[in-house]
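Colleague: Chains as they are written, first to last, in the working numbering: chain U, 43 to 245; chain D, 8 to 165.
Where is the CB? At the ideal position from N, CA and C, for every residue including glycine.
A single structure is presented below for examination.
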Amino acid sequence: MSLVNYATREITCKIVYYGPGRSGKTTNLHYIYGQVPEDRKGKMVSLATQTDRTLFFDFLPLDLGTISGFTTKFQLYTVPGQVYYQTTRKLVLQGADGVVFVADSQARQLDENVESFQDLHANLAEQGIDARAVPLVLQYNKQDLPRELILDTATLSDSLNFRGVPEFPADALHGPGVFETLRAISELVLKRLSAGAPAGARA
Amino acid sequence: MKIAAVEAWVEAPLKRFVDDARARLALLLHPSGQVLAQAGFTRAVDVMTACALAAAAHATAGELGRQLDGRGFRGLHYAGLEKQLYLAAIDTARGVYICLTVFDQASSLGLVRMYFDDLSRELTAAAPPLIALREPALGADFERDLDANLSALFGRAS
Numbered sequence: 043m044s045l046v047n048y049a050t051r052e053i054t055c056k057i058v059y060y061g062p063g064r065s066g067k068t069t070n071l072h073y074i075y076g077q078v079p080e081d082r083k084g085k086m087v088s089l090a091t092q093t094d095r096t097l098f099f100d101f102l103p104l105d106l107g108t109i110s111g112f113t114t115k116f117q118l119y120t121v122p123g124q125v126y127y128q129t130t131r132k133l134v135l136q137g138a139d140g141v142v143f144v145a146d147s148q149a150r151q152l153d154e155n156v157e158s159f160q161d162l163h164a165n166l167a168e169q170g171i172d173a174r175a176v177p178l179v180l181q182y183n184k185q186d187l188p189r190e191l192i193l194d195t196a197t198l199s200d201s202l203n204f205r206g207v208p209e210f211p212a213d214a215l216h217g218p219g220v221f222e223t224l225r226a227i228s229e230l231v232l233k234r235l236s237a238g239a240p241a242g243a244r245a
Numbered sequence: 008m009k010i011a012a013v014e015a016w017v018e019a020p021l022k023r024f025v026d027d028a029r030a031r032l033a034l035l036l037h038p039s040g041q042v043l044a045q046a047g048f049t050r051a052v053d054v055m056t057a058c059a060l061a062a063a064a065h066a067t068a069g070e071l072g073r074q075l076d077g078r079g080f081r082g083l084h085y086a087g088l089e090k091q092l093y094l095a096a097i098d099t100a101r102g103v104y105i106c107l108t109v110f111d112q113a114s115s116l117g118l119v120r121m122y123f124d125d126l127s128r129e130l131t132a133a134a135p136p137l138i139a140l141r142e143p144a145l146g147a148d149f150e151r152d153l154d155a156n157l158s159a160l161f162g163r164a165s
C-alpha cells in the first residue's frame, strides 16, 4: 500500500520485480542504479549467495522527484526466482504497490515463465489480493539474444499477457526497455493514487 | 535527537520509549518495509535500507516461528560488538507495525524489552482506527511531472 504523508507531502511506493530465476530482475535494478544520479538514489542492497544469485532480495530506493507537489520515492525490490525460494517471494511481495514481471525470452524458458507467472498470482491470492487490481507490467527480457534462441514478443504475449497489461521487449543488460518498463509501472501505480485508491498512513 | 513521524499519534510514545529505554534509535515500520516513524540518532544509518532489512528479518523470524513453533516468533534480538538490536511487532487497530530498536552499552536487552511493552501498550491504546480514505492523492496531471522526472533520472530529453 502506498504511503502518503500529507504533512511532509511525500509518497512512498513499493515496486517488486518478479519472475523466474535468471530472467534479469537484478540486472534491471543494476542498470537503473547505474543510470541514476547519486543524489537521486540510495544504497543498493543485495542479499545474494556467493555466486551472486539473489537469496532474499535486492533493494534500491529511488527518488523520483516532485510529482504533483509530492516528493515521490519508489522502493524497488526483486524476489529470488528459483523455485525453492517460494516462502521468500511471498515475504517480499507483501505490501507491493506494483509488480514488474520479468520474463526470460529464451524459448527453452517458456515453461519457467508460465510457472513463475502462476506462482505470482497464487502468492497474491494467498495474501488476499485480487491480482487483477494490482498494477502489473510485463517485460520480455533478453531480446538481444540470437533470434533462433528466443521467442518474439507476440508469442510471449500470447502465453503470458492474458490481462492485456503494458508489455515491453528488453535487453536489461544494455538498457533497452528498462526505462520504458519503469516508466509504465510508475504510471500505473501513481494513476491509482490519482484515482483515489486506498493509501496508508495519512497525516 | 531526531524525531519524525508520518503519523502524529506515534511521535510522543516513540520518543518516550527511546528516552526511557536509553536506546540509540527506534524505527517504526510497516511490515512491507516502509518507515512510519523514527526517533533517535539516525545519522549513522540509512533509514530506508534499515527498514527494508528489518522487515525482511522480522518476516523471516515470523515464518521460521510458524514452521518450528506453530506461530510466528514475536521478538528478535541481535548482539553486535558495540550495538545491539531488538525487533518486535506491535498489533494496533491500524494493523501490525514493527519496531526496530538499536541500543548500546548505555542500555540492556531487559530494559529495552521492559519499555517496549509500555510502547506497545501506548501505541495500541492511541491508534485511531484505520479508515481507508479514497480521495485522490495526486493531481490528474501527474503524468507530465512523472515523464519529466524519469527522463531527467535517466539522462534523457523529455
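Could you give the DSSP three-state label for H72/U: helix, strand or coil?
Modeller: Translated into the one-based positions of the first sequence, residue 72/U becomes position 30. Looking at H72/U - three-state DSSP - the assignment turns out to be helix.
Colleague: Look up G206/U in the DSSP assignment and say whether it is helix, strand or coil.
Modeller: Here residue 206/U refers to the residue found at position 164 when the first sequence is read from its first residue. DSSP places G206/U in coil when its eight states are reduced to three.
Colleague: Where does S248/U fall in DSSP's three states?
Modeller: The question about residue 248/U has no answer here: the residues shown for chain U are numbered 43 through 245.
Colleague: Quick one: give me the first and last residue of the beta strand (DSSP E) that I109/U is part of.
Modeller: The residue you call residue 109/U lines up with position 67 of the first sequence. Unbroken beta strand (DSSP E) run through I109/U: T96 to I109.
Colleague: Would you say the stretch 191–210 of chain U touches the stretch 50–57 of chain U, given that touching needs at least three Cβ pairs under 8 Å?
Modeller: At 8 Å Cβ cutoff, the stretches do not touch.
Colleague: If we call anything under 8 Å between Cβ atoms a contact, is P38/D one with Q128/U?
Modeller: Start at 1 with the first residue of the second sequence, and residue 38/D comes out as number 31. Start at 1 with the first residue of the first sequence, and residue 128/U comes out as number 86. No, Cβ-Cβ distance for P38/D and Q128/U is not below 8 Å.
Colleague: L45/U lies in the beta strand (DSSP E); which residues open and close that run?
Modeller: For the purposes of this step, residue 45/U is taken as residue 3 along the first sequence, with counting starting at 1. Start and end: L45 to N47.
Colleague: When we look at the beta-carbon of A243/U and count the other beta-carbons within 10 Å, is it buried (16 or more) or exposed?
Modeller: What you label residue 243/U is simply residue 201 of the first sequence in a count that begins at 1. Per-residue confidence for A243/U stands at a pLDDT of 43, beneath the threshold of 50, marking its modelled position as unreliable; the derived number appears in the next sentence. When all chains shown are included, A243/U counts as buried.
Colleague: Leaving aside the five residues before and after F101/U along the sequence, list all residues of the same chain whose C-beta is less than 6 Å from its C-beta, in chain order.
Modeller: Reading the first sequence from its first residue, position 59 is the one you call residue 101/U. Same-chain partners within the cutoff: V87 and Y119.
Colleague: Between which two residues does the alpha helix (DSSP H) harbouring L88/D extend?
Modeller: Counting from one through the second sequence, the residue named residue 88/D turns up at place 81. No alpha helix (DSSP H) contains L88/D, which DSSP labels as neither H nor E.
Colleague: By the 10 Å Cβ neighbour count, where 16 or more other Cβ atoms means buried, how is E14/D classified, buried or exposed?
Modeller: As a position in the second sequence, residue 14/D is number 7, starting the count at 1. So E14/D ends up on the buried side.
Colleague: Check distances from the C-beta atoms of the stretch 98–119 of chain U to those of chain D and list, in chain order, the residues that come in under 9 Å.
Modeller: Within the stretch 98–119 of chain U, the residues whose Cβ lies closer than 9 Å to some Cβ of chain D are F98, F99, F101, P103, L104, D105, L106, G107, T108, I109, S110, G111, F112, T114, K115, Q117 and Y119, listed in chain order.
Colleague: At least one CB of chain D closer than 8 Å to the CB of S199/U: is that the case?
Modeller: As a working note, residue 199/U is residue 157 in the first sequence. Not one chain D Cβ lies under 8 Å of S199/U.
Colleague: Does the contact criterion of 3 or more C-beta pairs under 8 Å hold for the stretch 116–127 of chain D versus the stretch 27–36 of chain D?
Modeller: Touching, per the Cβ criterion.
Colleague: With C-beta atoms as the reference, is V179/U less than 8 Å away from A145/U?
Modeller: Along the first sequence, read from residue 1 onward, the residue named residue 179/U stands at position 137. Along the first sequence, read from residue 1 onward, the residue named residue 145/U stands at position 103. Result no, Cβ atoms of V179/U and A145/U do not sit closer than 8 Å.
Colleague: Answer with yes or no whether the minimum CB distance from R56/D to chain U is below 8 Å.
Modeller: Position 49 of the second sequence, counted from the start, is the residue given in the question as residue 56/D. Per the sequence presented here, residue 56/D reads as Thr, with Arg not at that position. For T56/D, the answer is yes, since a Cβ of chain U falls inside 8 Å of its Cβ.
Colleague: Would you be able to state if there are at least three C-beta pairs under 8 Å between the stretch 95–113 of chain U and the stretch 41–50 of chain D?
Modeller: No, the stretch 41–50 of chain D does not touch the stretch 95–113 of chain U.
Colleague: What residues match up with T131/D in a beta bridge as DSSP calls it?
Modeller: What you label residue 131/D is simply residue 124 of the second sequence in a count that begins at 1. None; T131/D has no bridge partner.
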